[in-house]
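*Asks:* Using our numbering, the first residue of the sequence shown is number 1176, and each one after it goes up by one.
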Amino acid sequence: MPVAIITGASKGLGRALAEALAARGWDLVLDARTAEVLKDTAAAVASYGTRVEARVGDVTDAGHRAELVAAARQLGGCDLLVNNASALGAEPLVRLAELPLDGLRRALEVNVVAALGLVQEALPLLRGARAGAVITVSSDAAAEAYGTWGGYGASKAALDQLAAVLGVEEPRLRVWAVDPGDMATDLYAAAVPDDDGPRPGPDGVAPAFVRLLDERPASGRYAAPALLEGGR
């Protein structure tokens, strides 16, 4: 069975992707920082009959990243790495004039540095897979100038560039940066707590990611809403 590592997998999009892959027979290594929530998610995902390894920790910890890859190796390898774990930099979001620099450093460390660190750790397994792939979860804030989203958007823009270059440097892999679009998640609620407008749930967005795995288009940046509508 194919094996995937998914970070930030205890809830939101990470959990939705884990369940979507488990339903298709994938074995999974799931990461999150909150033990009880991750335990519940792992149990739900395992109910599909797949093997699940849950590892509690912070992706900024090199030892934790090595543990995730070691767990995948025990399951048979790594066919897919999903860098989904994210930090906002400030909760709720604030204008750049008020953005704590430590918050920006945290966003860059989680969203960019740790993501690359995990890619580096997993590359030997990804290169050895029949159809290795990396998915980095992006944001429209990486490409558009939204007030208060500057720090988070800058980190996601940097992640997009890393994904683009990785796709060039590793032509045997597929490397997709995916903008999931608006979603009703705890991350968005923490970012903009006063905005309670209707948004799709992560379960409705996960099929866009599955489509990439089914069709394996060229490495690049994709928007989930367009994928769900049949485009790019």
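Glycine included, C-beta positions come from ideal geometry on N, C-alpha and C.
Where does GLU1228 sit, in a helix, a strand or coil, going by DSSP?
*Replies:* Position 53 of the sequence shown, counted from the first residue, corresponds to residue 1228. GLU1228 falls in the strand class under three-state DSSP.
*Asks:* At what residue ranges does the stretch 1327-1397 contain a whole run of the beta strand (DSSP E), taking only runs of 3 or more?
*Replies:* Runs found: 1349-1354.
*Asks:* Is the beta carbon of ALA1306 sitting closer than 8 Å to the one on ASP1254?
*Replies:* Translated into the one-based positions of the sequence shown, residue 1306 becomes position 131. Translated into the one-based positions of the sequence shown, residue 1254 becomes position 79. In contact: ALA1306 and ASP1254 (Cβ atoms closer than 8 Å).
*Asks:* List, from N- to C-terminal side, the beta strand (DSSP E) runs of 3 residues or more that fit wholly inside the stretch 1236-1291.
*Replies:* DSSP runs (the beta strand (DSSP E)) wholly in the stretch 1236-1291: 1255-1258.
*Asks:* What does the Cβ neighbour count give for THR1209, buried or exposed, with the cut at 16 atoms within 10 Å?
*Replies:* The residue given as residue 1209 occupies position 34 in the sequence shown. Looking at its Cβ environment, which holds fewer than 16 other Cβ atoms inside 10 Å, THR1209 is exposed.
*Asks:* Report the three-state DSSP secondary structure of THR1216 (helix, strand or coil).
*Replies:* The residue labelled residue 1216 in the question sits at position 41 within the sequence shown. Residue state, collapsed to three classes: helix.
*Asks:* If we ignore side chains and look at the alpha-carbon of each, how far apart do ARG1347 and GLY1187 end up?
*Replies:* The residue labelled residue 1347 in the question sits at position 172 within the sequence shown. The residue labelled residue 1187 in the question sits at position 12 within the sequence shown. Between ARG1347 and GLY1187, the C-alpha separation is close to 30 Å.
*Asks:* Ordered along the chain, which non-local residues of its own chain (more than five positions away) have a Cβ less than 8 Å from that of GLY1252?
*Replies:* Position 77 of the sequence shown holds residue 1252. Hits under 8 Å: VAL1178, LEU1300, GLY1303, ALA1304.
*Asks:* Does any C-beta atom of chain B lie closer than 8 Å to the C-beta of LEU1255?
*Replies:* Among the protein chains of the structure shown there is no chain B, as only one such chain exists.
*Asks:* How many angstroms separate the CA atom of LEU1271 from the CA atom of PRO1368?
*Replies:* Locating residue 1271 in the sequence shown gives position 96, where the first residue counts as 1. Locating residue 1368 in the sequence shown gives position 193, where the first residue counts as 1. Distance between the alpha carbons of LEU1271 and PRO1368: 18 Å.
*Asks:* Whose C-beta lies closer than 6 Å to the C-beta of VAL1244 among residues of the same chain, with five residues either side of it excluded?
*Replies:* Against the sequence shown, residue 1244 aligns to sequence position 69. Around VAL1244: GLU1296, ALA1297.
*Asks:* Is it the case that the stretch 1268-1282 contacts the stretch 1338-1356, given that we only count it when at least three CB pairs across the two stretches are under 8 Å?
*Replies:* Because the criterion of three Cβ pairs below 8 Å is not met, the stretch 1338-1356 and the stretch 1268-1282 do not touch.
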